[in-house]
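The structure appears right after this line, and notes come after that.
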Amino acid sequence: MRSLRRLFSALLVLSLIGTGSAYAACVDNVVLVHGNTGKPTDFQATHDLLVQRGYTESQIFAPAWGNAFCAACNDHKGTEETPVENAIVDALASSCTGKIDVIGHSMGATLAARVIDRIGASTSVDAFIGIAGAFRGLWSCGTYPFNVATTTCGSWGLSVNNPFLNGISGHKFGARMYSFKSYADEINCYGGVCLVYGVHTSQIAGETASYTFPYGHYGLLWYTATQQVNLL
Numbered sequence: 061m062r063s064l065r066r067l068f069s070a071l072l073v074l075s076l077i078g079t080g081s082a083y084a085a086c087v088d089n090v091v092l093v094h095g096n097t098g099k100p101t102d103f104q105a106t107h108d109l110l111v112q113r114g115y116t117e118s119q120i121f122a123p124a125w126g127n128a129f130c131a132a133c134n135d136h137k138g139t140e141e142t143p144v145e146n147a148i149v150d151a152l153a154s155s156c157t158g159k160i161d162v163i164g165h166s167m168g169a170t171l172a173a174r175v176i177d178r179i180g181a182s183t184s185v186d187a188f189i190g191i192a193g194a195f196r197g198l199w200s201c202g203t204y205p206f207n208v209a210t211t212t213c214g215s216w217g218l219s220v221n222n223p224f225l226n227g228i229s230g231h232k233f234g235a236r237m238y239s240f241k242s243y244a245d246e247i248n249c250y251g252g253v254c255l256v257y258g259v260h261t262s263q264i265a266g267e268t269a270s271y272t273f274p275y276g277h278y279g280l281l282w283y284t285a286t287q288q289v290n291l292l
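Quick note on the working numbering: the sequence shown kicks off at 61 and runs consecutively.
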């Protein structure tokens, strides 16, 4: 009788393992925000690793935002915000933990920060990861209000010392905030200068930690999936 019970228990465990993939583990939903003129599949490595770790497709949100054909046309105010805001709101609405994690790349990092700040969602974000973001601006965009002819470099864009970036500096975008940066970033370190007033532009004021990698602007996203997911 005892051996039959053990056999039954073993079969029950195996049956649960076999059907476990049909049931999502209770983890924070994740929002992945691509960069300027990027696309959701830029996060493919991160997406695939999340799935390998047990996340379901319904727990991963990857909005497409902005004009995909005009990098100079996008900024952090208006229609660019809507898809990101919808993804964050939807992720929160279906989160079994009541929290979400947000990972943004390049301008997607500052855009995600803008939306979280504007809608007051920071207390509902557990981990915020900014990858190759320009939280302190881009020297290639000029210093506001000079040399900011394009929308992307304007007052709601990425010029150094502009009202938008100054307005979110020091704000919280999650309980834990991390930045991924590189001194080989061909965009954020245009002309070989990565620092803005002595601090790497990808660093977030008040961040929990900052990690440096030897990759370029896109490699910072593509080759750090493990480090990203480990922080969630």
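No residue lacks a Cβ here, since even glycine has one placed at the ideal position from N, Cα and C.
Among the bridge pairs identified by DSSP, Phe188 is matched with Val162 and Met237.
One thing to note: Gln119 has its Cβ no nearer than 8 Å to the Cβ of Val144. With contacts defined as CB atoms closer than 8 Å, Phe195 and Leu225 qualify as a contacting pair. Cβ contact annotation for Asn127 (same chain, cutoff 8 Å, sequence separation greater than five): Thr97, Cys133 and Asn134, in chain order. The continuous beta strand (DSSP E) containing Val91 extends over residues Asn89 to Val93. Straight across, the Cα-Cα distance linking Val220 with Thr212 is about 12 Å.
It is roughly 10 Å from the alpha-carbon of Gly214 to the alpha-carbon of His136. In the same chain as Ala285, and ignoring 5 residues on each side of it, the C-beta atoms closer than 7 Å to its own belong to Ala105, Thr106 and Leu109, in chain order. Looking from the CA of Phe273, the closest CA among Asp245, Thr261, Tyr250 and Gly252 belongs to Asp245. For Val259, the pairing in a beta bridge is given by DSSP as Val256. Taking a C-beta distance under 8 Å as the contact criterion, Ile191 and Ala169 qualify as a contact pair.
Taking each of Gly164, Gly193, Asn248 and Cys254 in turn and checking the Cα distance to Ala122, the smallest one comes out for Gly164. DSSP lists no bridge partner for Ser118.
Assignment of Ala194 by DSSP, reduced to helix, strand and coil, places it in the coil class. Looking at Thr139, Asp186 and Phe129, the one whose alpha-carbon comes closest to that of Ala151 is Asp186. Measuring C-alpha to C-alpha distances from Glu117 to each of Glu140, Asn89 and His231 identifies Asn89 as the nearest.
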